[in-house]
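Residue numbers (our numbering): 26 to 297.
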């Protein structure tokens, strides 16, 4: 039975319910996470302090901590944070990871200028209807030259469009990419997600506080892991091709996800 809840309460309830199974559910997109990890490794270094927003069970936080990076992981779901704390204990990373129950809408509760970088992966920010508030708070939390890496659901997905066409759902295929909101069922709860396209998200919400260093799509050509008819070697080959084109239009707007790499503007370059 699908239940109804709204706002952060729906997110909390939904992710509390799936926390015990979350790692298995996202395992099929491990290739995507590995690309994010390469970005983190390139941008962040031992001794840095990173805020992991909507950290879930802490897969990214542990990766960073193993590299000597101190992480504050926040999530609105107490069960997700409980899973992260168990992982921290088993990995003996207590000195490296601070796990807190906190909504990403409440970043203003953290001390300003505390972090060298902020990351948020796998659509955590799509559950926010106020990305401008996040961007403003993120800029305050970052030190000069602080970096942000966000990984969000795209408004249009080429693979989803192809699936709709293949099943004769032509009107749905035509509408795909035009809706600003979409409900996804997580733990039998409908969770409202706000959908963005990469450059529009940057220009509308981040450009006054951040410079865009890089934008690229993920899952443009490489199919979802649920499409088992595509052999693994073929999927990997498509992934290699995708890496060459995913920063360019029209492909940038066609992935299941997109990534924005941002750097905090110097104070004298901030837009009013």
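C-beta: ideal position from N, C-alpha, C; glycine also.
Three-way DSSP call (helix, strand, coil) for residue i in this model
i: residue 76; result: strand
i: residue 194; result: coil
i: residue 171; result: strand
i: residue 220; result: coil
i: residue 250; result: coil
i: residue 209; result: strand
i: residue 274; result: coil
i: residue 178; result: strand
Residues near residue i in its chain [Cβ-Cβ closer than 6 Å; skip 5 each side]
i: residue 88; result: 62
i: residue 103; result: 126
i: residue 64; result: 174
i: residue 197; result: 189
i: residue 146; result: 61, 85, 176
i: residue 156; result: 230
i: residue 97; result: 76, 123
Start-to-end residues for the beta strand (DSSP E) that takes in residue i
i: residue 286; result: 282-289
i: residue 47; result: Taken as a continuous stretch (DSSP letters only), residue 47 belongs to no beta strand (DSSP E), being part of the alpha helix (DSSP H) at 47-51.
Contact check, residue i vs residue j, beta carbons under 8 Å
i: residue 150; j: residue 140; result: no
i: residue 124; j: residue 83; result: yes
i: residue 239; j: residue 272; result: yes
i: residue 38; j: residue 175; result: no
i: residue 76; j: residue 143; result: yes
i: residue 128; j: residue 33; result: yes
i: residue 231; j: residue 283; result: no
i: residue 182; j: residue 280; result: yes
i: residue 137; j: residue 118; result: no
i: residue 223; j: residue 277; result: yes
i: residue 79; j: residue 100; result: yes
Sequence-distant residues of the same chain with beta carbon closer than 8 Å to residue i, five excluded per side
i: residue 195; result: 189
i: residue 71; result: 92, 93, 94
i: residue 288; result: 170, 171, 172, 173, 235, 236, 238
i: residue 47; result: 40, 81, 82, 105, 108
Opening and closing residue of the alpha helix (DSSP H) in which residue i lies
i: residue 85; result: 84-91
i: residue 266; result: 257-270
i: residue 242; result: No alpha helix (DSSP H) holds residue 242; the beta strand (DSSP E) holding it covers 235-243.
i: residue 65; result: 55-68
Nonlocal neighbours in the same chain, by C-beta distance under 7 Å from residue i, ignoring five residues either side
i: residue 205; result: 219, 220
i: residue 43; result: 50, 211, 212
i: residue 266; result: 246
i: residue 292; result: none
i: residue 186; result: 198, 201
i: residue 209; result: 216, 218
i: residue 163; result: 132, 143, 173
Exercise. Which ranges would you report for the alpha helix (DSSP H) in the segment 93-162 if only whole runs of at least 4 residues count?
Worked result: Along the segment 93-162, the alpha helix (DSSP H) occurs as fully enclosed runs of 4 or more residues at 103-116, listed in sequence order.
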